[in-house]
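These protein sequence lines map, in sequence, to chains H and D.
Numbering of the first sequence is given in this note's numbering, commencing with residue 1 and proceeding in unit increments.
Numbering of the second sequence is given in this note's numbering, commencing with residue 372 and proceeding in unit increments.
Note that the Cβ used here is the ideal one computed from N, Cα and C, for glycine as well.
Just so you know, these numbers come straight off a predicted model, no measurement behind them.
Okay, so here's the structure we're looking at.
Number of protein chains: 2
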Amino acid sequence: MREYFQVITQSEKSSARIGLLHTPHGTVKTPVFMPVGTQGSVKALSPEDLREHNVSMILCNTYHLYLRPGHKLIAGLGGLHKFMNWHGPILTDSGGFQVYSLSKLRSIEEDGVLFQSHLDGSRHFLTPELAMEIQGDLGSDIAMILDDCPAYPCDLQRAKTSVKITLKWAKRAKLSKRCEDQALFGIVQGSVYKELRIKCLEGLMEMGFDGYAIGGLAVGEDRALRFQVLEDLVPLLPKDKPRYLMGVGTPLEILKAVKLGIDMFDCVLPTRNARNGSLFTSQGRLNIRNSCHAMDKSPCDPECNCYTCRNYSRAYLRHLYVSKELLAYRLGTIHNVAFYTRLMERVTKAIEADSLSSLERELEPYNNEEV
Amino acid sequence: MREYFQVITQSEKSSARIGLLHTPHGTVKTPVFMPVGTQGSVKALSPEDLREHNVSMILCNTYHLYLRPGHKLIAGLGGLHKFMNWHGPILTDSGGFQVYSLSKLRSIEEDGVLFQSHLDGSRHFLTPELAMEIQGDLGSDIAMILDDCPAYPCDLQRAKTSVKITLKWAKRAKLSKRCEDQALFGIVQGSVYKELRIKCLEGLMEMGFDGYAIGGLAVGEDRALRFQVLEDLVPLLPKDKPRYLMGVGTPLEILKAVKLGIDMFDCVLPTRNARNGSLFTSQGRLNIRNSCHAMDKSPCDPECNCYTCRNYSRAYLRHLYVSKELLAYRLGTIHNVAFYTRLMERVTKAIEADSLSSLERELEPYNNEEV
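Structure representation (structure tokens):
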């Protein structure tokens, strides 16, 4: 297996590190935040919007693209990068999480999971091999193994089954891997049970993956519990491989996870919030629809240099949102995504200067935020 | 009154002409098509999208901006250009047409028109003076007089009243004009009655306006009747002033109107159609949602060089529309607006080469289109 991840800076005061992730579509500096392009489009943004605001990598959803327009169609058109005109790295999830969170009639079997499409009720059987085939056809830079991701709260027995199935499927995913250029990440399950998490990780490490993801968090458990799992688990992850915390999170959570040694993040928070008019600023989140912004000439965040803040007042943004103008969603999403990329740049600088604690204080307005 | 319109080329085979319209926000070459930015945003597009696709001038709606966010608010923020970050010329209509087409409880009185907001049912009284005050606060480059725009069909008596009121209000609008830099156009009403149209025009010419618009067309009358009105009326319009056909139209209608000597157009057709997935091409309109485009690698229109056609396949566009992705509306609108600006460039070249008839044959696919 080729070397594609290097740690270039290791913090002395914490486990935080800066790394380089080499992919067929370019090198990504970590820690990295990946905006979510569920259906082959980061909602409301063009690829140029992403590039102009320093997004280096995005995530797309295997579940959605499998159901519509279909992986064979995308393969026939030259793969996902060409299809959506995004020529930077793409990570695809395996569909596991969406099968559990979006679809109906889930039944986990020995071989895979039977589910009903949330679009038309059609029945599908997703196996570890099919998840790899789909991701192979999409041509993503990083594929994820199909995992069994139970809902929270999850009793010990269910969590044991989840780890057993996840390990079994991980092995099959690895055996069915076809694309040499595509990295494959394992996913650690085990809910909030330390022994199960460790058992799952050890099983995965024995098989050997290009990176290790922590799944099954940010699914309803409280934050203290979430960070307890991370504190127990992250020190055991291989130091020479990228570590990816799936579905997390708020600005402060990202910083805390970076301190523990996490390299990669994805979350719908910046994009979904933007569509609701909830915008991230250096002073905390603001609801731009609020009438207090009606006559405000100032930009959304005076400390921000994104396209939206350079060109539009809060008053205009509020007008667009209240009037349900389509431009609102693009301008808001640009701003929130830019907030997250700038956050990651600040985090990186703080690792270099070993000053993460002072950055943590600056992110205090986000202390009470939840994913 | 300062000279702000010059005819620079006059076709020999028709009444078509090329002109230059000088405004405080730049010079516009005519014939010109103005995309509609109803609420202070050309739906789904940024000002950069407009500029990159050669849009030189846009139209905004006084009725909508008066109701929300309010002209005083926009004036307080430095005017409409600054508010929406569009620094090219803007024409504002007077609100007359929207009062008749969108609002409830309309009652035309001596002094103005009483109506109920389509947003919240609140009652408002729009007078010729208020329409000028609103447009003055917005700071548009061209303002329109408040006119009485009756529904179609319209009997002779109602049409007579409309002309009488329109002329009376035109005079009051002119008297209440405050901004020296803002041009003011008269609007010719009179429904489909030639004598009334001529009477209205003569009354307006006596007062003297910076340009003359033809209102009350494209409101349901058939196309033959519409063009009969234009054939009767346009030759009588002053040759040294811009002529604006309001709310029209399809590509072929625009070309035919240019041949009769019209200089300015606006229409929601390209933007509204785009949001429905109906895209203009050199081969006629296509519905991009149609399943025949599902695997089509080709661009929407091979003859188009817009951002959308340079970067995306029909297959991807269809996927975005079917999946209701926000990017769909922007990409489709960019394409349709670019089609219209290119149409106007082709019309201009055809006037220069006196070859409008051959362009008319190229637009044959649009023969059966209606506004």
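- In chain order, Y687 make up the part of chain D whose C-beta sits under 7 Å from the C-beta of M84/H.
- In this structure, K542/D and E325/H do not form a Cβ contact; the two beta carbons are roughly 36 Å apart against a cut-off of 8 Å.
- Where R494/D is concerned, the enclosing beta strand (DSSP E) starts and stops at R494 to L497.
- Annotation: I214/H to R660/D spans about 39 Å, alpha carbon to alpha carbon.
- DSSP, reduced to helix, strand and coil, places Y615/D within a strand of the structure shown.
- In this structure, DSSP gives C179/H a state outside helix and strand, which the three-state scheme calls coil.
- What R701/D touches in chain H, judged by beta-carbon distance under 9 Å, is A44, S46, L326, L327 and R330, going in chain order.
- Cα atoms of G139/H and G390/D: separation of roughly 53 Å, rounded to the nearest angstrom.
- For G411/D, the CB contacts under 7 Å within the same chain, skipping 5 residues up- and downstream, are C431, L436, L451, F454 and M455 in chain order.
- Closer than 7 Å at the C-beta level to chain D, one finds no residue of the stretch 254-274 of chain H.
- Between A257/H and the set S357/H, L196/H, M207/H and T23/H, the nearest pair of CA atoms involves S357/H.
- Here Q381/D carries a strand assignment [DSSP, helix/strand/coil].
- In this structure, G582/D keeps its C-beta atom at 8 Å or more from the C-beta atom of P606/D.
- Contact of H452/D with chain H by beta-carbon distance below 9 Å is absent, the smallest such distance being about 12 Å.
- By the Cβ criterion, the stretch 419-433 of chain D is not in contact with the stretch 372-382 of chain D, since fewer than three pairs of Cβ atoms, one from each stretch, lie closer than 8 Å.
- With a minimum length of 3 residues, the unbroken runs of beta strand (DSSP E) contained wholly in the stretch 431-491 of chain D fall at 461-463, 475-479 and 484-487.
- With 16 or more other Cβ atoms from the protein chains shown falling within 10 Å of its own Cβ, G112/H counts as buried.
- Ranking A173/H, H118/H and Y100/H by CA distance to the CA of E133/H puts A173/H first.
- In the DSSP annotation of this structure, the continuous segment of the beta strand (DSSP E) that includes L650/D starts and ends at S649 to T652.
- If you draw a straight line from the Cα of Q469/D to the Cα of F486/D, it is about 10 Å long.
- A straight line joining the alpha-carbon of S11/H with that of V248/H spans about 22 Å.
- For Y312/H, the nearest beta carbon of chain D is closer than 8 Å to its own beta carbon.
- Using a CB distance cut-off of 8 Å, K199/H does not count as an interface residue toward chain D.
- G466/D has its alpha-carbon roughly 10 Å from the corresponding atom of T498/D.
- For the stretch 278-295 of chain H, residues whose beta-carbon sits nearer than 8 Å to a beta-carbon of chain D comprise A294 and M295.
- Note on geometry: alpha-carbon atoms of L601/D and Y711/D lie some 21 Å from one another.
- Using a Cβ-Cβ cut-off of 9 Å, R439/D is close to H319, V322 and S323 of chain H, given in chain order.
- A Cβ-Cβ separation of about 6 Å places A530/D in contact with G561/D under the 8 Å criterion.
- Counted as a single uninterrupted DSSP element, the stretch harbouring N287/H is not any alpha helix (DSSP H) but the beta strand (DSSP E) occupying residues G284 to N287.
- DSSP links R330/H through a beta bridge to no other residue.
- According to the DSSP secondary-structure assignment, T394/D is paired through a beta bridge with G397/D.
- Not one beta carbon of chain H lies nearer than 8 Å to the beta carbon of L509/D.
- The Cβ atoms of M295/H and G447/D sit closer than 8 Å to each other.
- Take the alpha-carbon of L105/H and the one of Y63/H: they are about 15 Å apart.
- Per the coordinates, the alpha-carbon of L473/D lies some 51 Å from the alpha-carbon of G216/H.
- Close partners of Q39/H in chain D (Cβ separation under 7 Å): S694 and E696.
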